[in-house]
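See below for the structure under consideration.
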Amino acid sequence: MQYFRCDCNNTLFFENSLCLSCNREVGWCPVCKGIHTIVPKSDGSTCTCLNKTCGAQLIKCHNYLVHNVCNRMVEAEKAATAAPSCNPLCDYCRYTKVIPDLSVEGNPQKWYRLEVAKRRLLYL
Numbered sequence: 001m002q003y004f005r006c007d008c009n010n011t012l013f014f015e016n017s018l019c020l021s022c023n024r025e026v027g028w029c030p031v032c033k034g035i036h037t038i039v040p041k042s043d044g045s046t047c048t049c050l051n052k053t054c055g056a057q058l059i060k061c062h063n064y065l066v067h068n069v070c071n072r073m074v075e076a077e078k079a080a081t082a083a084p085s086c087n088p089l090c091d092y093c094r095y096t097k098v099i100p101d102l103s104v105e106g107n108p109q110k111w112y113r114l115e116v117a118k119r120r121l122l123y124l
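Take the sequence shown: its letters are residues 1 to 124, numbered as in the working numbering.
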């Protein structure tokens, strides 16, 4: 299994959205293709990938921001041209055409597990 490192040197895994050691937010950067610390700008519009070789401007996938079933980011420049008024879906979440009724008990957890499995299957 591939793993990554937080800026605090803690091990990060494929599903992490938070470092369990320093509590910093982490996410999948599509530019440098890894789980890295992300820092939101003061206005909350975008985040910056803190990978030393990257520094990409990113926004959270809609399913990360709203439902917390994803940990992927979308390049801010691409997102602005695609849908300037809302957070777009990442490359992985675009494959999901129907989501379960989230008002039904247990469905949010089932959806999360489905999304984790899908990302593992599609990971290249």
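All residues carry an ideal CB built from backbone N, CA and C; glycine is no exception.
Should Y112 and N68 be called a contact, given that it needs their Cβ atoms to be closer than 9 Å?
yes
Between the CA atoms of Y64 and G34 - distance to the nearest angstrom
16 Å
Assign C22 to one of two classes, buried (16 or more other C-beta atoms within 10 Å of its C-beta) or exposed (fewer than that).
exposed
If contact is defined by three or more beta carbon pairs under 8 Å, each pair taking one atom from either stretch, is the segment 4-22 in contact with the segment 35-50?
yes
Drop a sphere of 10 angstroms on the beta-carbon of T11, count the other beta-carbons inside from all chains shown, and report buried for 16 or more, exposed for fewer.
exposed
Can you find the residues in the same chain that come closer than 6 Å, C-beta to C-beta, to V116, ignoring five residues on each side of it along the sequence?
E15
Alpha carbon to alpha carbon, what distance is there between C70 and H62?
8 Å
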